[in-house]
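S.K.:
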Amino acid sequence: MMSKEKREIAWLNCERCDHTPVIVETSAPVGMINFNDKAACPSCGLEGHAEVDSPEEAYICWNEFE
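Residue numbers (our numbering): 43 to 108.
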């Protein structure tokens with residue numbers, strides 16, 4: 043199993059504060075993310091996980107926030 047590393051993903055932004063880049067913990071090739079990778083905003087701390095619809099379409103499902 044490949045080890046995961048934390049990476050800044052510049053094409054993602056935080057749903058709460060709109061900060062970019064988002065930190066994603068992944069073992070995917072550079073510039074990509076895998077389904078269910080953990081994500082966090084380094085600015086406000088909001089957390090979530092990755093969803094992947096296709097090789098060209100991935101996004102973060104953010105945890106609920108108030």
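From the three backbone atoms N, C-alpha and C, an ideal C-beta is built for every residue, glycine too.
Between glutamate 93 and the ligand SAH, is the CB less than 7 Å from at least one heavy atom?
M.R.: Summarising the ligand content, the structure contains no ligands, and the ligand SAH is consequently not present.
S.K.: Which word fits cysteine 56, buried or exposed, when buried means at least 16 other C-beta atoms lie within 10 angstroms of its C-beta?
M.R.: In the sequence shown, counting from the first residue as 1, residue 56 sits at position 14. Its Cβ being crowded by 16 or more others within 10 Å, cysteine 56 is buried.
S.K.: Relative to the C-alpha of isoleucine 51, which candidate in Met44, Gly73, Ser96 and Ser45 has its C-alpha closest?
M.R.: As a first step, residue 51 is located in the sequence shown; it is residue number 9 there, counting from the start. Checked all of Met44, Gly73, Ser96 and Ser45; the closest Cα to isoleucine 51 is Gly73.
S.K.: Would you identify the three-state DSSP class for alanine 52, choosing helix, strand or coil?
M.R.: Within the sequence shown, residue 52 is the residue found at index 10, counting from 1. Here alanine 52 sits in coil by DSSP.
S.K.: Just verifying my parser: in three-state terms, what is the DSSP assignment at aspartate 60?
M.R.: If you number the sequence shown from 1, residue 60 lands on position 18. If DSSP states are grouped into helix, strand and coil, aspartate 60 belongs with coil.
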